[in-house]
Amino acid sequence: MSADFSSRWAWAEVHTGLIQHNVAIVAERVAPAKVWAVVKANAYGHGAIPVANAALNAGAEGLCVALMDEGVALRRAGITAPILVLSEQPAELSELLVGYELTATVTTTRGVAALANAASAAEKVARVHVKVDTGMHRVGVAPRETLSLIRFMQSFDSVLLEGVYTHFAVADSPEHPANADQLRLFNEVLAELAAHSIEPPLVHAANSAAALANPDSRFSMVRLGIAMYGLLPGDGVKELCRGLIPALALKSRVSAVRWIEAGEAVSYGLRRPVSAATLIATVPLGYADGVPRALGETTVGVLLNGVPRQFAGTITMDQLMIDCGTDSSVMVGDEVVLIGRQGEHVVTADEWASATGTIGYEIVCGISSRIGRRYQ
Ligand SMILES: Cc1ncc(COP(=O)(O)O)c(C=O)c1O
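Per our numbering, residue 38 is the first one in the sequence shown, and the count goes up by one each step.
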């Protein structure tokens with residue numbers, strides 16, 4: 038097991054073998070479409086470089102990031118696979134995009150011109166994918182303007198159109214009519230381009246949910262994010278996610294124990310007095326590490342000595358407390374599993390998410406940089 042430097046009694050374990058397992062499952066399901074692994078946001082908190090390497094080893098053909106800086110970090114780590122930056126970057130970054138051989142997303146003529154100039158100054162060719170806004174309304178060129186944007190691009194020798202893509206707004210609800218509407222619009226754009234002999238080698242639309250739910254959305258490649266990490270894109274595709282296994286565990290150790298008496302309470306607010314003498318275990322991580330403060334108000338617990346246990350009071354910034362009832366066997370140093378398996382019991386990031394009104398994505402992205410990642 039290798040580790041980022043981490044001396045804390047609180048750490049995350051990332052099982053790269055499970056990342057590979059999840060990529061392989063999806064790759065088999067979506068073939069002949071290819072898989073590009075989405076490793077933005079430090080691979081959804083799992084660690085961009087180890088995850089990127091694992092995904093590529095499992096057959097992913099390329100990587101996707103949100104920011105140029107994320108792409109640069111992968112290149113500096115020696116990764117030579119194609120890396121697509123998923124939104125148009127500020128024009129002043131064009132030189133670096135080209136220099137690091139990152140594949141740029143473009144949605145505006147300004148973006149095209151900036152890349153063309155940077156590439157021709159460097160005597161290189163900028164690889165680009167055009168992103169079309171078929172209904173997500175976040176970024177992207179309007180469908181009716183796509184042809185003219187590509188025509189403009191074709192006026193520069195230093196820009197190579199490698200891909201055209203779009204992104205679904207409700208892919209995690211496969212029956213939602215907006216999916217079909219977006220797909221129809223996208224197919225119309227592709228048909229218009231084809232009528233002008235523009236047939237880019239890479240056409241893509243699907244995130245995890247769409248890749249699993251809708252074969253018509255797969256085109257030549259899928260952009261695989263959350264499912265690669267073994268988490269659910271949403272309840273609407275739960276069944277389709279069978280076989281995927283969460284790759285991240287969040288663990289800690291008991292740092293202190295104490296008995297409190299009936300009528301006493303724990304932590305800020307002293308909000309939950311106990312009705313009998315209770316052993317309280319203190320665990321040295323808190324909301325600054327990505328354990329939502331709201332989790333302390335839910336029935337989601339932690340696993341300690343093979344037993345699910347509840348939070349004893351308000352989760353604090355660096356520490357949280359566990360109600361161990363009358364179990365006097367709990368000792369300083371005992372392992373606590375916050376996310377992951379201990380014995381027969383499992384707690385998942387998806388459970389944290391549904392208990393606190395968010396999505397698994399936010400939970401794993403929120404595990405802060407104070408938590409060292411250890412790789413297995
Ligand atoms: C443009 C784009 N494609 C693909 C993905 C991956 O989505 P998912 O994690 O649901 O697979 C994302 C993630 O937000 C995205 O923004």
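Ideal Cβ placement from N, Cα and C applies to all residues, glycine included.
This structure is a prediction, so every number in the text was calculated from the model and none was measured.
Can you name, in chain order, every residue of its own chain whose Cβ lies under 6 angstroms from the Cβ of Leu-222, other than the five neighbours on each side? Closer than 6 angstroms at Cβ, skipping near neighbours: Thr-171 and Pro-180.
Let me check you understand the geometry: is the CB of Ile-263 closer than 7 angstroms to at least one non-hydrogen atom of ligand 1? A distance criterion of 7 angstroms places the beta-carbon of Ile-263 in contact range of ligand 1, judged by its closest non-hydrogen atom.
Close Cβ partners of Thr-183 (< 8 angstroms) along its chain, the five nearest in sequence each way excluded: Contacts found: Val-167, Val-169, Val-201, Val-226, Glu-229 and Leu-230.
From the DSSP output, which residues share a beta bridge with Ala-286? According to DSSP, which records beta bridges pairwise, Ala-286 is partnered with Glu-50.
Check whether the Cβ atoms of Thr-146 and Leu-111 sit closer than 8 angstroms, and answer yes or no. For Thr-146 and Leu-111, no; Cβs fall outside 8 angstroms.
Could you give the distance in angstroms between the alpha-carbon of Tyr-81 and the alpha-carbon of Ala-299? Distance between the alpha carbons of Tyr-81 and Ala-299 is about 42 angstroms.
Short of 6 angstroms in beta carbon distance, which residues of its chain neighbour Ser-406, apart from the five on each side in sequence? Order them along the chain. Excluding sequence neighbours, Ser-406 sits near nothing in its chain.
Taking contact to mean at least 3 C-beta pairs separated by less than 8 angstroms, is the segment 303-312 in contact with the segment 281-294? Segments in contact, no.
Tell me whether Ala-64 counts as near ligand 1, meaning its Cβ is closer than 7 angstroms to at least one heavy atom of that ligand. Every heavy atom of ligand 1 is 7 angstroms or more from the Cβ of Ala-64, so no.
Please classify Cys-101: does DSSP put it in a helix, a strand, or coil? Taken through DSSP and simplified to helix, strand or coil, Cys-101 comes out as strand.
Does the distance between the C-beta of Cys-101 and the nearest non-hydrogen atom of ligand 1 fall short of 7 angstroms? Yes, ligand 1 has a heavy atom inside 7 angstroms of this Cβ.
Every unbroken alpha helix (DSSP H) within the segment 191-245, with a cutoff of 4 residues, ordered by chain: The qualifying runs are 214-232.
With Ala-318 as the anchor, note down where its beta strand (DSSP E) starts and where it stops. DSSP places Ala-318 in the uninterrupted beta strand (DSSP E) bounded by 315-320.
What whole-angstrom Cβ distance do Pro-237 and Leu-198 have, given they're in contact under 8 angstroms? 5 angstroms between Cβ atoms; contact.
Using a Cβ cut-off of 8 angstroms (strictly closer), state whether Leu-341 contacts chain C. Among the chains of the structure shown, chain C does not appear; only one protein chain is present.
Does ligand 1 have even one heavy atom less than 7 angstroms from the beta-carbon of Ser-245? Yes, the beta carbon of Ser-245 sits closer than 7 angstroms to at least one heavy atom of ligand 1.
How far does the alpha helix (DSSP H) with Lys-77 in it reach, from first residue to last? Per DSSP, the unbroken alpha helix (DSSP H) holding Lys-77 starts and ends at 77-81.
Apart from the five residues on each side of it in sequence, which residues of its chain come closer than 8 angstroms, Cβ to Cβ, to Leu-104? Lys-77, Val-122 and Gln-126, listed in sequence order.
Can you give the Cα-Cα distance for Pro-69 and Ser-257, rounded to whole angstroms? Computed Cα separation, rounded: 8 angstroms.
Sequence ranges, beta strand (DSSP E) only - wholly within the segment 89-158, length at least 3: Restricted to the segment 89-158, the beta strand (DSSP E) segments that are unbroken, complete and at least 3 residues in length are 99-102, 120-122 and 141-143, listed in chain order.
Would you kindly work out how many angstroms separate the C-alpha atoms of Ile-400 and Gly-327, rounded to a whole number? Taking the straight line from one Cα to the other gives about 7 angstroms.
What is the DSSP secondary structure of Arg-188, counted as helix, strand or coil? In the structure shown, Arg-188 falls within a helical segment according to DSSP collapsed to helix, strand and coil.
Pairing CB atoms from the segment 126-137 with CB atoms from the segment 95-102, are three or more of them under 8 angstroms? Taking a cut-off of 8 angstroms on C-beta distances, the segment 126-137 does not touch the segment 95-102, as fewer than three cross pairs fall below it.
Beta bridge counterpart(s) of Gly-377 as assigned by DSSP: Looking at the DSSP assignment, Gly-377 forms a beta bridge with Val-384.
Once the 5 residues before and after Thr-363 are set aside, which same chain residues still bring their CB inside 8 angstroms of it? Sequence-distant partners of Thr-363 (beyond 5 residues in either direction) whose C-beta falls short of 8 angstroms from its own C-beta, in its chain, are Ala-313, Ala-314, Thr-315 and Leu-316.
Three-state secondary structure (DSSP) at Pro-329? In the structure shown, Pro-329 adopts coil according to DSSP, grouped into three states.
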